Amino acid sequence: MQKTKMFILFAIVILTWGTTWLAMKFALVSMPPIFATGLRFLSAAPLLLWLLHVTRSSLLFPPGHRFFQFCVFLFCFCLPFTLVIYGEQYVNASTAAIIFAGMPVAVLLISIVVLNAPTSLLQLMGAMLAMLSLFCLLQEESRNSLSNNWKGAFAVVAAVAMHAFMYVQCKKRSCQVSLFTFNALPCLAAGLLLTLTGAVVEKPEIENITWLSFSSIIYLGVVASVFGILCYFSLQKRISTFNTSLVFICFPVIAVILECVVMGSVFSHTSWILLAGMLCGVLLSVIPVEREKMATTPKRLWN
């Protein structure tokens with residue numbers, strides 16, 4: 001029974017994360033990126049605040065960590081999510097998902113620099129394989145994509161780097177706050193700021209927003225953000241860090257298949273081979289070969 005629950009949780013997480021990228025693409029059909037990101041956070045914030053109240057968690061970080069809460073608002077919410085959806089204007093949804101699957105590698109490399117974390121040779125080889133495969137895959141995909149393919153890819157890579165850096169900072173600072181404290185206020189603040197900024201700068205045509213874009217925003221806010229978080233952290237409490245990391249191996253495959261089926265996109269045989277190489281590299285970067293020599297990988301705080 002316990003194994004069945006774990007399988008269901010794992011399936012929910014990879015399906016939620018795998019569908020997030022196409023939902024972002026749909027949101028962009030009739031909404032500009034900053035405005036869409038703001039609405040995503042505004043749709044998630046009420047539920048997060050309600051859960052914060054139900055669990056009687058604090059709205060603010062503990063004294064001494066309040067400035068870090070501002071950094072979470074800026075570098076975990078505002079900037080990276082805006083960069084991701086901005087990047088999806090120029091790259092396929094599946095490409096963005098594949099780049100984000102490199103998160104464990106980014107966390108590993110930043111942990112080495114910031115925490116001086118011990119790392120095995122196998123992990124370093126895996127990181128190199130993942131980065132090389134990703135670079136070759138982006139080159140392969142750029143042949144049949146828009147001219148600004150690399151512009152979009154760099155935006156998503158920057159978002160991954162921000163998430164990974166903040167991830168490591170949480171570990172370094174030993175910032176022990178509840179899941180809802182970490183997300184609720186930064187999510188609300190980011191939603192308000194980005195929605196207002198998008199309304200002023202991007203001037204969205206509200207009357208032209210389609211039901212597809214609107215429903216995608218609700219899905220991203222309520223299902224992908226809140227429900228996805230709860231399932232992922234519930235999974236983390238029950239299985240090892242390594243097994244949890246398998247989520248990063250599975251969800252980009254879901255994203256690629258979904259985009260091919262729904263959008264009629266073509267993912268070449270070469271791209272599949274390169275994706276397999278990248279995911280193998282990601283797997284090697286988190287596999288606990290020798291536990292005493294491993295770099296400790298922080299747990300993910302937000303999707």
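So the sequence shown is numbered by UniProt numbering: it starts at 1 and just counts up by one.
Idealized CB from N, CA, C, for every residue including glycine.
These numbers were taken from a predicted model, which means no experiment stands behind them.
>> Let me make sure I understand the geometry here. Which of Ala11, Met6, Ser30 and Phe73 has the alpha-carbon closest to that of Leu192?
In response: Phe73
>> Using the three-state DSSP reduction, which class does Asn149 fall into: helix, strand or coil?
In response: helix
>> Within a Cβ cutoff of 6 Å, which residues of the same chain sit near Ala159, ignoring the five residues on either side of it in sequence?
In response: Pro80, Leu83 and Val84
> Going by beta carbon distance, what residues of the same chain come within less than 6 Å of Ser285, once the five residues before and after it are set aside?
Replying inline: So the list reads Pro104, Val105, Leu108, Gln123, Gly126 and Ala127, once near-sequence residues are dropped.
>> Applying the 10 Å Cβ sphere with the 16-neighbour rule, what's the burial state of Ser174?
In response: exposed
> When the Cα of Ala164 is compared with those of Ile287, Val222 and Ser111, which residue comes out closest?
Replying inline: Ser111
>> I'd like the span of the alpha helix (DSSP H) that includes Gln139, first residue to last.
In response: Leu121 to Ser142
> Per DSSP, what kind of secondary structure is Lys203 in: helix, strand or coil?
Replying inline: coil
> Does the Cβ-Cβ distance between Phe26 and Ser213 come in under 9 Å?
Replying inline: Judged by their CB atoms, Phe26 and Ser213 are nearer to each other than the 9 Å cut-off.
> In terms of residues, what are the limits of the alpha helix (DSSP H) holding Val226?
Replying inline: Looking at the DSSP string, Val226 is not in any alpha helix (DSSP H), and its letter there is neither H nor E.
> Would the beta-carbon of Ile249 fall within 9 Å of that of Val200?
Replying inline: no
> When the Cα atoms are used, what is the spatial distance from Leu51 to Met162?
Replying inline: 26 Å
> To the nearest angstrom, how far is it from the Cα of Asn116 to the Cα of Glu202?
Replying inline: 42 Å
>> Going by DSSP, what residue range makes up the alpha helix (DSSP H) through Ala106?
In response: Met103 to Leu115
>> So within the segment 24-94, which uninterrupted alpha helix (DSSP H) runs reach at least 4 residues, ignoring any that extend past its ends?
In response: 33-54, 66-72 and 79-87
> To which residues of the same chain is Val29 closer than 7 Å at the C-beta, ignoring the five residues directly before and after it?
Replying inline: Thr210, Leu212 and Ser213
>> Which residue marks the beginning of the alpha helix (DSSP H) containing Thr248, and which one marks its end?
In response: The displayed chain sequence assigns Phe, not Thr, to residue 248. From DSSP, the alpha helix (DSSP H) with Phe248 extends over Val247 to Met263.
>> Tell me the DSSP secondary structure of Ile287 in three-state form.
In response: Of the three classes helix, strand and coil, the one that applies to Ile287 here is coil, per DSSP.
>> Between the alpha carbons of Ser271 and Thr95, how many angstroms are there, rounded?
In response: 10 Å
>> Going by beta-carbon coordinates alone, are Ile34 and Tyr90 separated by less than 9 Å?
In response: no
>> Relative to the C-alpha of Leu48, which candidate in Thr119, Val222, Met278 and Phe242 has its C-alpha closest?
In response: Val222
> When DSSP labels each residue in this structure, what does Ala184 get in the three-state scheme?
Replying inline: Note: Ala184 maps to helix in three-state DSSP.
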